[in-house]
DNA sequence: CGTTCGATGCACT
DNA sequence: GTGCATCGAACGT
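In this note's numbering, the protein residues as written are 47 to 249.
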């Protein structure tokens, strides 16, 4: 069942928590690729120094100010696309960053995309590492700039509820930011092999 | 296990 | 020109 817009039109911390166990599905020319969400982070409002809305509205962050249930995809570090789901009613700039997935459909396709351009071989890549990390999962699912601003409530890129229950969750400070580290707005499945970050933050 | 560092493009000051 | 919501290789412990 595809998540409805009402799912996203809620407090961002609730959405970040409830997205754990949901499934990101991307149907493309190479077929279906998908994975179960095991790690997310919340970015909330102009008062959150780590949120892209912190400087106020700009051309890049405009999707954050729009209606919930849309994708916010941006390019970072000159080589990675990062995938967010916009949350809260229009006018409240906030989103949930998808940080890691447990692979479901299209594992071979995702493996090949992950090693393309590198000297590594697809067979050397552990299944749990295929969608571990926000830059890795967008490469595996072929999520890029053309998915920015797309509607997540109908294909080809959607998030579904398939009834998975991953058990206990844990909260920690967000990873990879230099400001706003005081907020424990990262959610993850403790001990899951597909969760990213240093070992201490995976338990 | 940990830290450091280069790759690489663009939004923003 | 500066600074990234990153990744993986290389190296030290």
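Where a beta carbon is used, it is the ideal one built from N, C-alpha and C, also for glycine.
Cβ shell of residue 238 (< 6 Å), same chain only, five flanking positions each side left out: Residue mapping note: residue 238 aligns to position 192 of the first chain, counting from 1. Only 84 meet the Cβ criterion.
8 Å contact criterion, which residue 220 and residue 232 should meet: CB distance rounded: Counted from its first residue, the first chain places residue 220 at position 174. Counted from its first residue, the first chain places residue 232 at position 186. With a Cβ gap of about 5 Å, residue 220 and residue 232 count as contacting.
Where residue 232 falls: helix, strand or coil (DSSP): Within the first chain, the letter at position 186 stands for residue 232. In the structure shown, residue 232 sits in a strand (DSSP, three-state: E or B).
Cβ distance (whole Å) where residue 115 is taken to contact residue 54 below 8 Å: The residue labelled residue 115 in the question sits at position 69 within the first chain. The residue labelled residue 54 in the question sits at position 8 within the first chain. Contact annotation, residue 115 with residue 54: C-beta distance approximately 4 Å; criterion of less than 8 Å satisfied.
Continuous alpha helix (DSSP H) stretch holding residue 58: start and end: Within the first chain, residue 58 is the residue found at index 12, counting from 1. Note, residue 58: alpha helix (DSSP H), 58–64.
Residues bridged to residue 90 (per DSSP): Working through the first chain from its first residue, we reach residue 90 at position 44. According to DSSP, which records beta bridges pairwise, residue 90 is partnered with 140.
Residue closest to residue 204, alpha-carbon to alpha-carbon, out of 210, 187, 223, 218: Position 158 of the first chain, counting from 1, holds the residue named residue 204. Out of 210, 187, 223, 218, 187 has the C-alpha closest to the C-alpha of residue 204.
Cβ separation of residue 160 and residue 182, assumed to be a contact under 8 Å, to the nearest whole Å: The sequence position of residue 160 within the first chain is 114, counting from 1. The sequence position of residue 182 within the first chain is 136, counting from 1. 7 Å between Cβ atoms; contact.
Identity of the residue in 129, 138, 175 nearest residue 198 by Cα: Position 152 of the first chain, counted from the start, is the residue given in the question as residue 198. Per the Cα distances, 129.
Exposed unless 16 or more other CB atoms sit within 10 angstroms - verdict on residue 72: Here residue 72 refers to the residue found at position 26 when the first chain is read from its first residue. Counting every other CB atom within 10 Å of its CB across the protein chains shown gives residue 72 a total of 16 or more, marking it as buried.
Bridge-paired residues (DSSP) for residue 239: As a position in the first chain, residue 239 is number 193, starting the count at 1. According to DSSP, residue 239 bridges with nothing at all.
Short Cβ contact (8 Å threshold) for residue 112 with residue 136: Along the first chain, one-based indexing puts residue 112 at 66. Along the first chain, one-based indexing puts residue 136 at 90. Taking 8 Å as the Cβ cut-off, residue 112 and residue 136 qualify as a contacting pair.
Residue 241 to residue 224 span [Cα, whole Å]: For the purposes of this step, residue 241 is taken as the residue at position 195 of the first chain. For the purposes of this step, residue 224 is taken as the residue at position 178 of the first chain. Approximately 21 Å between the Cα atoms of the pair.
Simplified DSSP assignment, three categories, for residue 79: For this step, residue 79 is matched to residue 33 along the first chain. It is a strand residue.
Sheet register partners of residue 200 (DSSP bridge): Against the first chain, residue 200 aligns to sequence position 154. In the DSSP output, where bridge partners are listed per residue, residue 200 has none listed.
Reference residue 74, options 97, 210, 174, 189, closest by Cα: For the purposes of this step, residue 74 is taken as the residue at position 28 of the first chain. Relative to the Cα of residue 74, the nearest Cα in the group 97, 210, 174, 189 belongs to 189.
CA-to-CA distance, residue 176 to residue 165, given in whole angstroms: In the first chain, residue 165 corresponds to position 119, counting from 1. In the first chain, residue 176 corresponds to position 130, counting from 1. The alpha-carbon atoms of residue 165 and residue 176 are separated by roughly 16 Å.
Whole-Å CB distance - residue 126 paired with residue 119, under 8 Å assumed: Working through the first chain from its first residue, we reach residue 126 at position 80. Working through the first chain from its first residue, we reach residue 119 at position 73. Between residue 119 and residue 126 the Cβ distance is about 11 Å, and since that is not below 8 Å, they are no contact.
Top-ranked residue by Cα proximity to residue 121, from 227, 246, 185: Here the question's residue 121 lines up with position 75 in the first chain. Nearest Cα to residue 121 within the set 227, 246, 185: 185.
Reduced DSSP secondary structure (H/G/I, E/B, other) of residue 108: Here residue 108 refers to the residue found at position 62 of the first chain. It is helical.
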